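**Q** Chains as they are written, first to last, in full-length UniProt numbering: chain A, 1 to 429; chain B, 1 to 244.
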Ligand SMILES: Cc1cc2nc3c(=O)[nH]c(=O)nc-3n(C[C@H](O)[C@H](O)[C@H](O)COP(=O)(O)OP(=O)(O)OC[C@H]3O[C@@H](n4cnc5c(N)ncnc54)[C@H](O)[C@@H]3O)c2cc1C
Ligand SMILES: NC(=O)c1ccc[n+]([C@@H]2O[C@H](COP(=O)([O-])OP(=O)(O)OC[C@H]3O[C@@H](n4cnc5c(N)ncnc54)[C@H](OP(=O)(O)O)[C@@H]3O)[C@@H](O)[C@H]2O)c1
């Protein structure tokens, strides 16, 4: 396999790595010499291996079989591509994160969740088989391989390079989404509406800049699949260069959020949207992460148990008061579904907020991580770039078991990443 | 009507993008190359995306005796026969300087091997009086230069062959398109710093437009047409002193 030295980053672009990258185009050229990475849609350092090797799996993206609603794919296939191909045939991926550029390998590595988590559980719960490449050769595993399976789902790539996987798709009765949008005037209303929702898909968009009485205001989107032909999206717009750093300055962020809130009439509305508009709204502008300029940005995402909703309110309050947040804040209800030992989800509420990479924002994120720990919640490794081993201690109760399992599978730490080293995830506790 | 593409070099990343685009239109495929495991995955992928049929044939263009099953299969194709050639190899010029016997392999992979197969296919396509041949050459064939002139010479030979084949087959309604890519982001160029690089998908969009419009010769990325026009105009006394 051919290696080249390059400097690369996760989606947030605030952390970078310099190391050797390979991008194999055929299976026999994939080696187990370093962690695999997908499309680097993780924000922090999960897909980075400084001074080491990493295998970019984005060119291993073929569909190798389909039977009875179960699709067998190479790990580099994106969820957007699976949606495009199977929606016409009456199926879609059961769990979809907010970007269609996530690969199947990355979706397994993070055990990602979607807007239907409270009903459908996490991505890994719909995977039926995984083939790994390891130092001892190829291994095909299923949920029956209890420990190795649960160490692989949400396992941050630490058990080997995922070559291919089988996924259970969901049969669908149409090719469009019917979306009902309602306004929530404040935090209490927002939570109330999320709790009351019975829709298969549900997400709250929060105006993270609104303070005082309006704190927590936003729009709740509830959706279900509806009849109508599926239409594949046309090519998106691009952000050509790094935006000047004023692009996301405070007044602009505020204006954006007000416009978003007022877009929906006070009495709410129901509209039809394409799958892509509903599931991957940000993908329309490719490389939108460049809007944050060269310094990049951080996303903070936590989940807290249902009875800690007030702690979450306090966090949002701190965010609103700081004036540092960007327009992209998301509040979701989560169910208990999780597929692996290091999976993020827990029953409760999850909040995700973006911050431009400035010192003040970093201090705030550290504080939010502390508040999350106090609320018995956890932070999401797909987004984190600020936490420390001490700050996350206890957040993942099965961390020690997982470390034992991956250290047994990969004793030489070949698949370790900047993230696992920064948080000492594989170390003794 | 059924449209079949015979793909030579089906493991190339450009070929894979081409196969996907045509699979979505329902085409059938005869995939040819050396890595049969990889081609089996591509055949499955083509079928998942809408291809009617995708079969795999092991061939090595350095061993023309491996062509017979492909030619037999071509004769039995119902509907339109088309062929796209992506085969080629580009060892470092320095490796060739150290071992001149490599030259034969480069010329076979990029020129005489595919030309042999196309020459056997030509009468079958002539009889059908329709179909398209896409031959992938390279901008490197437009002028010999320091960095890769053996590969360039093979591609130049292939381009001249395609020009003659076009002249011949045009009379019976078979179209021949010569494609001259500049750098394309594939494993062949991974780790090389190259100007005006395009993606396999964008190159394929250009190729398919060329097929549709029955163009004779196209460059992809398009910027390589003006660039090569200028490079070809540089007088030899000046050119021979340049190194790029
Ligand atoms: C706009 C946006 C919205 C998002 N919304 C959501 C959301 O709603 N829910 C959610 O859960 N996440 C969400 N995410 C996060 C994203 O889904 C995850 O970070 C996902 O892992 C990205 O996939 P990737 O292919 O880019 O993987 P990478 O980021 O490249 O890698 C992620 C991890 O998986 C491992 N990995 C990747 N491929 C392989 C492989 N083949 N074999 C073994 N290990 C592998 C890597 O080592 C790494 O640890 C969002 C991200 C963005 C940018
Ligand atoms: N990438 C570029 O920048 C670029 C620029 C200009 C032109 N091109 C041309 O575009 C074409 C595709 O290239 P690529 O970039 O996709 O690189 P590639 O992956 O290296 O493709 C080369 C193809 O040729 C096949 N091949 C080589 N020798 C063969 C032989 N003896 N018998 C049968 N098949 C053989 C390979 O098949 P195996 O699986 O059997 O190895 C492979 O499918 C080539 O003709 C190349 O010269 C590429």
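All residues carry an ideal CB built from backbone N, CA and C; glycine is no exception. The model shown is predicted, which means the values in this text are computed figures rather than measured ones.
At what residue ranges does the region 34-79 of chain B contain a whole run of the alpha helix (DSSP H), taking only runs of 4 or more?
**A** Listed in chain order, the complete alpha helix (DSSP H) runs (minimum 4 residues) inside the region 34-79 of chain B are 36-48 and 68-75.
**Q** Can you give me the C-alpha to C-alpha distance between residue 177(A) and residue 220(A), rounded to a whole angstrom?
**A** Their backbone Cα atoms lie some 15 angstroms apart in a straight line.
**Q** Step through the CB atoms of chain B and report whether any lies within less than 8 angstroms of the CB of residue 25(A).
**A** Judged by the 8 angstroms Cβ criterion, residue 25(A) is in contact with chain B.
**Q** What ranges does the beta strand (DSSP E) occupy inside the region 103-152 of chain B, keeping only unbroken runs of at least 3 residues that lie completely in it?
**A** The qualifying runs are 132-136.
**Q** With a threshold of 8 angstroms between beta-carbons, can residue 332(A) be considered close to chain B, or not?
**A** False, the Cβ-Cβ gap to chain B never drops below 8 angstroms.
**Q** If you count every other CB in all the chains shown that lies within 10 Å of the CB of residue 168(B), and 16 or more means buried, which is it?
**A** Exposed, since its Cβ has fewer than 16 Cβ neighbours within 10 Å.
**Q** I want to verify the contact list: residues of chain B whose CB lies under 9 angstroms from the CB of residue 65(A), in sequence order.
**A** Simply 44 and 48.
**Q** Report the CB separation of residue 90(B) from residue 151(B) in whole angstroms; it is logged as a contact under 8 angstroms.
**A** Right, their Cβ atoms sit about 5 angstroms apart.
**Q** In angstroms, rounded to a whole number, what distance separates the CA positions of residue 386(A) and residue 318(A)?
**A** Taking the straight line from one Cα to the other gives about 17 angstroms.
**Q** Just to confirm the assignment, what range does the alpha helix (DSSP H) spanning residue 190(A) have?
**A** That run of the alpha helix (DSSP H) goes 187-196.
**Q** What do you reckon, is the C-beta of residue 59(A) under 7 angstroms from a heavy atom of ligand 2?
**A** No, Cβ of residue 59(A) sits at least 7 angstroms from all heavy atoms of ligand 2.
**Q** Where do the ends of the alpha helix (DSSP H) carrying residue 228(B) lie?
**A** Its alpha helix (DSSP H) spans residues 224-233.
**Q** Could you tell me whether any non-hydrogen atom of ligand 2 is closer than 7 angstroms to the CB of residue 285(A)?
**A** No - ligand 2 has no heavy atom lying nearer than 7 angstroms to the Cβ of residue 285(A).
**Q** Give me the pocket residues for ligand 2, defined as CB within less than 5 angstroms of any heavy atom, sorted by chain position.
**A** Going along the chain, the residues that qualify are 9(B), 11(B), 12(B), 13(B), 14(B), 33(B), 34(B), 35(B), 60(B), 61(B), 62(B), 86(B), 87(B), 88(B), 89(B), 109(B), 136(B), 138(B), 181(B), 183(B), 184(B), 186(B), 188(B) and 189(B).
**Q** Classify residue 209(A): buried if its beta carbon has 16 or more other beta carbons within 10 angstroms, exposed otherwise.
**A** Looking at its Cβ environment, which holds 16 or more other Cβ atoms inside 10 Å, residue 209(A) is buried.
**Q** Put residue 348(A) into one of helix, strand or coil per three-state DSSP.
**A** Note: residue 348(A) maps to strand in three-state DSSP.
**Q** Does ligand 1 have even one heavy atom less than 7 angstroms from the beta-carbon of residue 29(A)?
**A** No, ligand 1 has no heavy atom inside 7 angstroms of this Cβ.
**Q** If we call anything under 8 angstroms between Cβ atoms a contact, is residue 100(A) one with residue 280(A)?
**A** Contact: yes.
**Q** Examine ligand 1 and report whether any of its heavy atoms sits within less than 7 angstroms of the Cβ of residue 326(A).
**A** Flag unset: Cβ of residue 326(A) not near ligand 1.
**Q** Which chain B residues sit within Cβ distance under 7 angstroms of residue 2(A)?
**A** Residues of chain B passing the Cβ test: 187, 190 and 191.
**Q** Could you tell me whether the Cβ of residue 11(B) comes closer than 8 angstroms to any Cβ of chain A?
**A** Taking Cβ atoms only, chain A reaches closer than 8 angstroms to residue 11(B), which makes this a yes.
**Q** Since I believe residue 308(A) is in contact with residue 199(A) (beta carbons under 8 angstroms), could you give me their beta-carbon distance rounded to a whole number of angstroms?
**A** Going by Cβ atoms, the distance from residue 199(A) to residue 308(A) rounds to 24 angstroms, so no, they are not a contact pair.
**Q** Could you tell me the alpha carbon to alpha carbon distance between residue 201(B) and residue 353(A), rounded to whole angstroms?
**A** Between residue 201(B) and residue 353(A), the C-alpha separation is close to 34 angstroms.
**Q** Nearest by alpha-carbon distance to residue 26(B): which of 62(B), 79(B), 70(B) and 101(B) is it?
**A** When only C-alpha atoms are compared, the closest one is 79(B).
**Q** Of all Cβ atoms in chain B, is any one closer than 8 angstroms to the Cβ of residue 130(A)?
**A** Not an interface residue.
**Q** Could you confirm whether any beta carbon from chain B is found closer than 8 angstroms to the beta carbon of residue 133(A)?
**A** False, the Cβ-Cβ gap to chain B never drops below 8 angstroms.
**Q** Name, please, each residue of chain B whose Cβ falls closer than 8 angstroms to the Cβ of residue 85(A).
**A** Ordered by position in chain B, the residues that pass the 8 angstroms Cβ test against residue 85(A) are 48 and 49.
**Q** Give the C-beta separation of residue 76(A) and residue 92(A) to the nearest angstrom, bearing in mind that I take them to be a contact with Cβ-Cβ under 8 angstroms.
**A** Wrong, their Cβ atoms sit about 19 angstroms apart, outside the cutoff.
**Q** Is it right to say residue 238(B) is buried, meaning 16 or more other beta carbons lie within 10 angstroms of its own, or is it exposed?
**A** Under this definition residue 238(B) is an exposed residue.
**Q** Just checking, does the region 412-423 of chain A make contact with the region 163-178 of chain A on the three C-beta pairs under 8 angstroms criterion?
**A** The region 412-423 of chain A, when compared against the region 163-178 of chain A, does not touch it at the 8 angstroms Cβ threshold.
**Q** With a cut-off of 8 angstroms, does the C-beta of residue 15(B) fall near any C-beta of chain A?
**A** Not closer than 8 angstroms to any Cβ of chain A, the Cβ of residue 15(B) fails to qualify, so no.
**Q** Does the beta-carbon of residue 429(A) have 16 or more other beta-carbons within 10 angstroms, so that it is buried, or is it exposed?
**A** In this predicted model, residue 429(A) has a pLDDT of only 44, less than 50, meaning its place in the structure is not dependable; the value taken from the coordinates is given anyway. Exposed is the call here.
**Q** When the Cβ atoms of the region 91-103 of chain B are set against those of the region 123-143 of chain B, are three or more pairs found closer than 8 angstroms?
**A** Taking 8 angstroms as the limit for Cβ pairs, the verdict is that the region 123-143 of chain B does not touch the region 91-103 of chain B.
**Q** Identify every run of the beta strand (DSSP E) within the region 313-399 of chain A, keeping only runs that are complete inside it and at least 3 residues long; order them along the chain.
**A** The qualifying runs are 329-334 and 348-356.
**Q** Considering only the alpha carbon of each residue, which of 48(B), 106(B) and 59(B) lies closest to residue 6(B)?
**A** Closest by alpha carbon: 59(B).
**Q** Any C-beta of chain B within less than 9 angstroms: which residues of the UniProt region "Disordered" (25-54) of chain A qualify?
**A** The UniProt region "Disordered" (25-54) of chain A vs chain B, Cβ under 9 angstroms: 25, 26, 27, 28 and 29.
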